[in-house]
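Colleague: Going by this note's numbering, the sequence shown opens with residue 56, and the numbers climb by one from there.
Sending over a structure as structure tokens; questions will come in a sec.
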Amino acid sequence: MTTAEKFETKKSGNVTHHIFESVSDFVEIAKLGRKWVDTKASEFTGYASFDDALKFVETGWSDGHKEVVKGMSGMIEQRGYLEGDELNPGMSGSVVDVVAFIEGRPDCYMDFEEIEDSRPVLKVGVQFSAQAKYSSQCFTNRGSAMLSLVEILEASGIPVELWGYANTQYCNEIQRIDVLLKPSSEPIDIDRIAFVLAHSAFYRHIGFAVKSWFWKEKGETFGDVGRCQSCELSDDAFDVVTPYSSSFLRDTTSITKWIKETCKKLGLEVEV
């Protein structure tokens with residue numbers, strides 16, 4: 056498979072959109088871009104090197120499983136689905152359709168019946184860009200939050216397609232990168248997804264390397280994603296998307312509030 060076959064590219068105006076259908080293909084491009092990023096282990100990268108990051112993608116982050124699961128258990132205590140009603144016409148019922156009654160139609164009586172929800176696939180987008188000032192714990196908080204949200208949705212019968220994305224701008228050009236983390240047909244592999252969502256090495260080794268490679272390919276000579284700025288996505292990019300502001304990472308209270316509000320919009324009620 057050639058490099059170009061590892062992702063799909065769409066161009067619209069000043070936006071170039073790259074779409075990866077697997078984390079494995081995303082990592083292959085990261086390997087090409089590793090020469091332009093700091094590959095050493097440090098507090099900035101959760102004390103993981105670039106090679107450590109590659110191993111975590113392949114085998115999972117077992118210690119992170121414990122950290123993320125612990126965070127999830129403290130984030131959501133209870134959940135329940137809010138059932139809905141709709142009015143259906145019939146020969147008898149507790150509600151009268153006045154127009155139909157005046158017209159003499161026999162189906163002028165109506166009653167409430169439970170809605171049968173078809174549960175379409177929900178596309179959830181998680182930003183994998185973040186400012187340097189945020190600690191490794193901030194990423195663990197966000198990873199716990201997103202895994203909690205996916206767990207709630209799927210336990211309620213809503214299939215989730217989970218995506219990671221970065222949307223960065225430099226000199227009026229925008230590069231958007233999407234990577235499919237979990238198809239709706241597959242369960243979550245927590246060890247692997249925990250690293251992608253909750254470890255700073257994914258963001259600051261793998262993610263940086265991919266963005267650097269794409270900017271290099273455009274002819275930029277610096278290859279330094281630190282000079283790029285994250286920008287907001289359009290409203291229709293995903294069905295649910297993490298807040299644009301990086302401050303979303305800092306506070307578990309605001310994160311859990313966002314989970315609750317997101318679930319409510321989808322007809323779900325949770326106790327946080």
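Beta carbons are placed, not taken as given, at the ideal position from N, Cα and C, and that holds for glycine.
If you're wondering where the values come from, they're calculated on a predicted model, not measured in any experiment.
Please classify Gln284: is it buried, with 16 or more other beta-carbons within 10 angstroms of its beta-carbon, or exposed?
Modeller: By the neighbour-count rule (16 or more Cβ atoms within 10 Å), Gln284 is not buried but exposed.
Colleague: Measuring only the C-alpha atoms, how far is Thr94 from Phe105?
Modeller: If I take the Cα positions, the gap works out to 5 Å.
Colleague: According to DSSP, which residues form a beta bridge with Ser285?
Modeller: BP columns for Ser285 point to Thr223.
Colleague: If we ignore side chains and look at the alpha-carbon of each, how far apart do Gly322 and Asp290 end up?
Modeller: C-alpha separation (whole angstroms): 20 Å.
Colleague: Could you check the C-alpha separation between Gly115 and Leu252 for me, to the nearest Å?
Modeller: Spanning the two alpha carbons is a distance of roughly 12 Å.
Colleague: What beta strand (DSSP E) runs, 3 residues minimum, are completely inside the region 76-114?
Modeller: Counting only runs of 3 or more, we get nothing.
Colleague: Return the CA-CA distance between Glu343 and His260, expressed in angstroms with no decimal places.
Modeller: Residue 343 lies beyond the range of the chain shown here (56 to 327); nothing can be said about it.
Colleague: State the Cα-Cα distance for the pair Met316 and Thr58, rounded to the nearest angstrom.
Modeller: In the sequence as presented, Met is not what sits at residue 316; that position holds Glu. Cα-Cα distance, rounded: 40 Å.
Colleague: Got a sec, what are the start and stop residues for the alpha helix (DSSP H) Arg197 sits in?
Modeller: Note, Arg197: alpha helix (DSSP H), Ser191 to Ala210.
Colleague: So, using beta-carbon positions, are Thr195 and Glu122 closer together than 8 Å?
Modeller: Contact: yes.
Colleague: May I ask you to verify whether the region 61-68 touches the region 212-226, counting CB pairs closer than 8 Å and requiring at least 3?
Modeller: They do not touch, by the three-pair rule.
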